[in-house]
Each structure stands twice: as structure tokens, then as C-alpha cells.
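Reviewing the structure listed below.
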Amino acid sequence: MLSRVADAMYWMSRYVERVENLARFIDVTLNMILDLPVGSPEPWQPLVSVTGDHDLFAEKYGVATQESVQKFLTFEQDYPDSILSSIRLARENARSIRETITTEMWEQLNQFYYLVRDASQSDRVQKSPAEFYRQIRQASHLFQGITDHTMSHGEGWHFANLGRLLERADKTSRILDVKYFILLPSVTDVGTPIDDLQWSAVLRSVSGLEMYRQQYHGITPERVVEFLTLDREFPRAVHYCVIAAENSMHAISGTPVGASRNLAERRIGLLRAELSYAQVQEILARGLHEFLDALQTKINNVGDGIYDTFITLKSIPVDEIMMQTQF
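So the sequence shown is numbered by the working numbering: it starts at 6 and just counts up by one.
Rendered as C-alpha cells:
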């Protein structure tokens with residue numbers, strides 16, 4: 006497969022997943038506001054801080070309010086990771102590989118783009134934000150389902166799967182980080198009904214409340230962290246995403262699972278091993294934020310390894326080319 010095509014497949018899928026998870030970010034924050042007691046600090050500033058784009062937001066909007074943060078994360082054209090910017094980039098990547106993806110994939114992604122673009126030119130988000138972000142999640146699910154059911158599961162599909170899973174692992178960790186920041190101003194709420202409601206909102210944000218309840222009886226911070234980071238079966242848990250991403254990476258390279266022949270395989274193998282042997286008690290003792298911050302760095306390093314291994318064209322020394330042509 007051409008590196009150009011692999012790169013476009015990877016980023017097309019990653020941007021679609023990013024759009025969905027940004028919608029989840031905002032939706033869980035809206036739900037948390039309903040559960041916070043009167044007088045509690047609103048969680049919009051932590052939401053911007055966790056995305057890592059505080060400086061750009063402060064430059065363009067200043068104070069973090071519900072309206073300004075929603076506009077920044079959803080429709081800001083100068084912000085490359087906003088929902089509108091991300092779906093536009095996903096569509097442009099898909100356009101560049103129209104001969105590789107299916108007609109159904111292109112049509113759904115096109116409809117997805119116009120859904121967001123048209124909303125940016127109206128007041129529908131202000132009138133019904135929950136409904137708008139629900140439609141974004143559904144559009145993303147539909148695109149992923151169409152991709153899985155209309156595209157051959159060869160190299161192209163595996164590159165798309167890699168992008169989707171790494172983005173999902175990163176964003177699940179950031180949703181947990183949002184909860185961490187919201188608790189900082191009022192640690193006295195830990196263990197109270199308010200705390201339980203907030204953790205329930207976190208689980209709902211990743212569509213994991215029902216699956217969590219099938220596995221655990223009560224909602225506690227320790228169990229939620231374990232479920233969303235270390236579970237091997239829940240599709241939005243970080244560990245599940247890393248395992249599935251590693252399988253796709255080995256399917257692309259042909260390297261047997263458990264072995265490594267390149268930088269990307271070594272990095273994801275190390276991350277998978279770390280999560281396999283991690284204990285939630287150790288994570289919380291170390292500090293949830295510190296663990297998640299390091300985890301996000303390692304996921305980014307895996308992405309860099311994929312680019313260096315599969316996408317970047319490495320030049321061959323002239324003397325090596327001459328030796329090859331002599332045989």
C-alpha cells in the first residue's frame with residue numbers, strides 16, 4: 006500500500022473518532038453541571054485545560070463560559086482540533102483516497118460534514134445542545150459501522166483501525182482527566198452522592214454505564230478508573246484499544262504477535278505490557294492525573310512510531326543503491 010494512502014486512511018479514521026470524542030467531552034460536562042450543587046465552580050475551564058489548548062482559547066475568548074467553550078471546541082475554524090476542523094480534515098483525507106474507500110463511506114462522511122457545517126451557521130446548538138452532540142455520536146458510529154461492513158479488512162482497514170483506536174484510547178484518558186480536574190476545587194465531595202453522580206456521568210460519556218454495572222455492583226472511583234483504563238473487553242477502555250491496535254499493527258507488518266521488528270511495534274508492545282501488569286491501586290497511589298498524563302505521552306509516541314515506521318519515506322544511501330544494481 007502507498008504510504009500516502011495509509012496516512013490518509015489513518016488520519017481519516019482518527020479525525021472522525023476525535024469528532025465523536027469531543028462531542029462526548031462537551032456532553033459529559035453538560036451532564037455534570039446538572040449534578041453539581043449550587044455555587045460549585047463550573048467545569049468549563051478544566052475542559053479547555055485538559056485538551057491542552059488553553060493558550061489559544063485564552064487568546065481568542067478569554068473567560069471560559071459554556072458558550073465560549075462550546076463554540077471553541079465545536080465550531081472554531083482557527084482551532085485545528087475543533088469538531089468542525091476535524092470533520093473537514095477527515096473529509097479531505099477521504100477525498101484524496103476516493104479510489105480506496107467505498108462509496109457508502111464517502112457518502113456518510115460527506116453527510117456528516119454537512120451536518121456540522123450547517124449547524125455552525127445556525128443557532129440549533131444553543132437551542133438543543135444535547136440533541137446535536139447525540140447526532141454527532143450517531144453519525145460517527147454509522148461511519149465506523151459502514152467502514153467495518155463495506156471495506157475489505159486488509160491493510161487499508163487496519164490503518165483506519167489503528168487511527169481510530171489510538172485516538173479513542175487518548176480521549177478516554179482525557180475524559181478521566183476532566184473528572185480529576187473537576188474534583189480538585191472541592192475534594193470534600195469525594196465519596197458523597199455528588200461524587201457518585203459525577204462518576205456516573207463519566208461512564209455515560211463513554212457509553213459504559215450499563216457494561217460497568219454488569220461487572221461491578223457499586224460505583225467507586227477505583228472501579229471506574231480500573232474499568233476505563235485496564236479492562237480488556239470494554240471497547241472504549243484504554244487497555245482494550247491498545248490490544249486491538251497492536252493486533253492491527255502486526256496484521257500490517259506481518260510480524261508475529263509477541264515479537265517486534267520496528268519502532269512502532271516496540272512502543273505499542275511496551276505500552277500493552279505496562280497496562281497488562283498495572284494495578285489500579287498503584288495508579289491511584291501514584292496519582293491519577295500523573296498516570297494519565299504519562300499515558301497520553303506514550304500513546305502519542307506510538308503514533309509517532311507509526312509515522313516513522315510506515316509513512317515516512319526513508320532515503321537509501323547512493324552507495325547502497327549502486328551495490329543493489331550490481332546484482
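Glycine included, each C-beta is placed from N, C-alpha and C at the ideal position.
Of the candidates Leu280, Ile257, Tyr282 and Ser281, the residue whose Cα lies closest to the Cα of Glu270 is Ile257. By the CB criterion at 8 Å, Ile180 and Asp201 fall outside the cutoff. Here Tyr118 is near Arg96, since their CB atoms are less than 8 Å apart. Distances from the CA of Ile88 to each of Asp12, Ala11, Thr234 and Leu120 were compared; the closest alpha carbon is that of Leu120. If you look at Glu81, you'll find it isn't in any alpha helix (DSSP H); DSSP assigns it neither H nor E. In terms of Cα proximity to Glu172, the closest of Val24, Lys132, Val229 and Lys184 is Val24. In the DSSP annotation of this structure, the continuous segment of the alpha helix (DSSP H) that includes Asp153 starts and ends at Pro134 to Thr155. Three or more beta-carbon pairs separated by less than 8 Å link the region 24-37 to the region 45-64, which places the two stretches in contact. Separation of Gln301 and Val10 (C-alpha to C-alpha, rounded to the nearest whole angstrom) is 26 Å. Going by DSSP, Ser212 is part of no alpha helix (DSSP H) at all; its letter is neither H nor E. In the structure shown, the three-state DSSP call for Arg241 is coil.
When only Cα atoms are considered, Ala290 and Leu208 end up about 22 Å apart.
Here Pro226 is buried, its C-beta having at least 16 other C-beta atoms within 10 Å. Met14 carries a helical assignment under DSSP once its states are collapsed to helix, strand and coil. The beta carbon of Arg266 is closer than 8 Å to those of Ser258 and Thr260 in its chain, skipping five residues each way along the sequence. The beta carbon of Leu167 sits closer than 7 Å to the beta carbons of Tyr15, Ala250, Ser253, Met254 and Ile311 from its chain, once the five residues preceding and following it are set aside; these are given in chain order. CA-CA distance, Glu109 to Leu147, rounds to 10 Å. If the five residues before and after Phe296 are omitted, its C-beta is found closer than 6 Å to the C-beta atoms of Ile288, all from its own chain and listed in chain order. A distance of 8 Å or more separates the beta carbons of Ala299 and Cys246. Rounded to the nearest whole angstrom, the CA to CA distance from Val230 to Val285 is 7 Å. Annotation: Asp153 to Asp83 spans about 32 Å, alpha carbon to alpha carbon. Within its own chain, the residues whose Cβ lies closer than 7 Å to the Cβ of Arg237, once the five positions on either side in sequence are excluded, are His244, Tyr245 and Ile248, listed in chain order. Going by C-alpha positions, Asp123 is about 42 Å away from Tyr221. Here Asp60 is exposed. Its C-beta has fewer than 16 other C-beta atoms within 10 Å. In this chain, the alpha helix (DSSP H) harbouring Val285 covers Val285 to Arg291.
Taken atom to atom, the span from the alpha-carbon of Phe80 to that of Glu72 is near 11 Å.
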